[in-house]
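*Asks:* The structure under discussion is supplied below as structure tokens; questions concerning it will follow.
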Amino acid sequence: MSELLPHPATGDLFPSPVPPGTGWPGDPAAPETPVAGTAAAVRRLARTPDLAELDARVSVCRACPRLVRWREDVARNKRASFAGEPYWGRPTPGWGAEQPKVLVVGLAPAANGANRTGRIFTGDRSGDWLFAGLHRVGLARTATSVHAADGQELIDTRMVATVRCAPPQNKPSVTERDTCAPWIEAELALVVESVRVVVALGSFGWDAALRSFAGLGWEVERPRPRFGHGAEAALAGDGREIRLLGCYHPSQQNTFTGRLTEDMLDDVLGRAARMRD
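What the sequence shown shows, in our numbering, is residues 43 to 319, in sequence order.
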């Protein structure tokens with residue numbers, strides 16, 4: 043077991059990675075939560091009608107050996123600026139409203155962001171941009187998200203990652219993507235009744251949204267809609283329509299170079315906020 047270090051908000055001591063059910067803020071799992079160790083087990087364990095149980099099962103998944111090694115190596119060999127705090131070091135479940143009108147689909151947890159804090163888009167520069175934008179358009183209670191005990195709350199909104207573990211160089215393999223796919227499909231099936239609009243961050247999130255809705259039997263426009271910032275597509279199913287919006291990912295590469303500006307981010311998130319009703 044690694045050295046016990048204090049959580050930055052609660053002061054409670056944890057090893058890195060954090061064992062399930064030991065008191066980490068927002069941890070959905072218990073010591074007895076079933077663990078998926080193979081792609082077949084992911085498919086089987088994703089079949090639960092309970093969103094909280096799905097979150098718990100996601101948070102202990104060990105089905106992709108390369109991703110397990112990476113996320114745990116990062117948790118033990120911490121970035122110097124976070125050397126004094128414990129790292130979550132586990133998969134990151136979806137987070138936000140249980141009956142969301144807006145669904146935000148991202149790529150994967152950041153190695154020193156959600157992989158450290160245990161909450162999606164929390165604790166890194168991408169999250170700083172995204173939460174500030176969500177706050178400006180009325181979809182987040184505050185403009186910052188620093189750790190899982192900071193009181194942040196999403197309004198009518200839920201965030202999910204396509205791949206639930208931090209991947210090396212932020213690039214999951216196709217096999218890893220496909221192994222993880224049943225988690226997002228199961229989560230989507232449990233919340234889709236309330237969803238009115240989906241915001242896809244980057245082409246990876248866009249493709250994942252299209253694949254996941256198709257997997258649920260929803261119809262996607264033909265020819266297949268292409269990703270672009272501000273792109274919009276229709277998803278039809280259950281006798282209704284959901285709008286899919288494309289947004290450049292708020293990565294440092296995009297925000298530092300000006301490819302994505304605050305105004306551009308606010309334009310897409312503002313459209314989503316208006317569309318939710």
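All C-beta atoms, glycine included, are put in the ideal place defined by N, C-alpha and C.
Measure the beta-carbon distance from cysteine 103 to alanine 150 and round it to whole angstroms, keeping in mind my assumption that it falls under 8 Å.
*Replies:* Stepping through the sequence shown from its first residue, residue 103 is reached at position 61. Stepping through the sequence shown from its first residue, residue 150 is reached at position 108. Going by Cβ atoms, the distance from cysteine 103 to alanine 150 rounds to 13 Å, so no, they are not a contact pair.
*Asks:* Does the count of Cβ pairs from the region 287-298 and the region 157-174 closer than 8 Å reach three?
*Replies:* The region 287-298 vs the region 157-174: in contact.
*Asks:* Using three-state DSSP, classify tryptophan 137 as helix, strand or coil.
*Replies:* Position 95 of the sequence shown, counting from 1, holds the residue named residue 137. Correct three-state label for tryptophan 137: strand.
*Asks:* Taking the alpha-carbon of serine 101 as reference, which of Arg264, Leu232, Val179 and Thr159 has the nearest alpha-carbon?
*Replies:* Residue numbering aside, residue 101 sits at position 59 when the sequence shown is read from its first letter. With distances taken between Cα atoms, serine 101 lies closest to Thr159.
*Asks:* Mind listing, in chain order, the continuous beta strand (DSSP E) runs of no fewer than 3 residues lying wholly within the region 232-278?
*Replies:* Qualifying beta strand (DSSP E) stretches, in chain order: 239-243.
*Asks:* Is alanine 153 closer than 8 Å to valine 116 when the C-beta atoms are compared?
*Replies:* For the purposes of this step, residue 116 is taken as residue 74 along the sequence shown, with counting starting at 1. For the purposes of this step, residue 153 is taken as residue 111 along the sequence shown, with counting starting at 1. Yes, they are a contact pair.
*Asks:* Is it a yes or a no for the region 226-235 touching the region 91-99, going by three-plus beta-carbon pairs under 8 Å?
*Replies:* Output reads yes: the region 91-99 touches the region 226-235.
*Asks:* Check for me: the alpha helix (DSSP H) holding threonine 299 runs from which residue to which?
*Replies:* In the sequence shown, the residue the question calls residue 299 occupies position 257. It spans 294-299 - the alpha helix (DSSP H) in which threonine 299 sits, taken as one unbroken run.
*Asks:* The beta strand (DSSP E) with alanine 203 in it runs from where to where?
*Replies:* If you number the sequence shown from 1, residue 203 lands on position 161. Alanine 203 -> beta strand (DSSP E) spans 199-203.
*Asks:* Over the uninterrupted beta strand (DSSP E) stretch that includes arginine 285, give me the two end residues.
*Replies:* Position 243 of the sequence shown, counting from 1, holds the residue named residue 285. Per DSSP, arginine 285 belongs to the beta strand (DSSP E) from 282-289.
*Asks:* Do arginine 178 and glutamate 195 have their C-beta atoms within less than 8 Å of each other?
*Replies:* As a first step, residue 178 must be located in the sequence shown, where it is residue number 136. As a first step, residue 195 must be located in the sequence shown, where it is residue number 153. Not closer than 8 Å, so no.
*Asks:* Taking 8 Å as the cut-off, decide whether the C-beta atoms of glycine 63 and proline 73 are in contact.
*Replies:* Your numbering for residue 63 matches position 21 in the sequence shown. Your numbering for residue 73 matches position 31 in the sequence shown. Closer than 8 Å, so yes.
*Asks:* What are the complete alpha helix (DSSP H) segments, minimum 4 residues, inside the region 139-224?
*Replies:* With a minimum length of 4 residues, the continuous alpha helix (DSSP H) runs that stay inside the region 139-224 are 156-159 and 167-178.
*Asks:* What is the DSSP secondary structure of leucine 46, reduced to helix, strand or coil?
*Replies:* In the sequence shown, the residue the question calls residue 46 occupies position 4. Here leucine 46 sits in coil by DSSP.
*Asks:* Under 8 Å, do alanine 110 and leucine 243 count as touching if we go by C-beta distance?
*Replies:* Residue 110 sits at position 68 when you count from the first residue of the sequence shown. Residue 243 sits at position 201 when you count from the first residue of the sequence shown. One detail in the question is off: residue 110 reads as valine in this sequence, not alanine. No, the Cβ-Cβ distance between valine 110 and leucine 243 is not below 8 Å.
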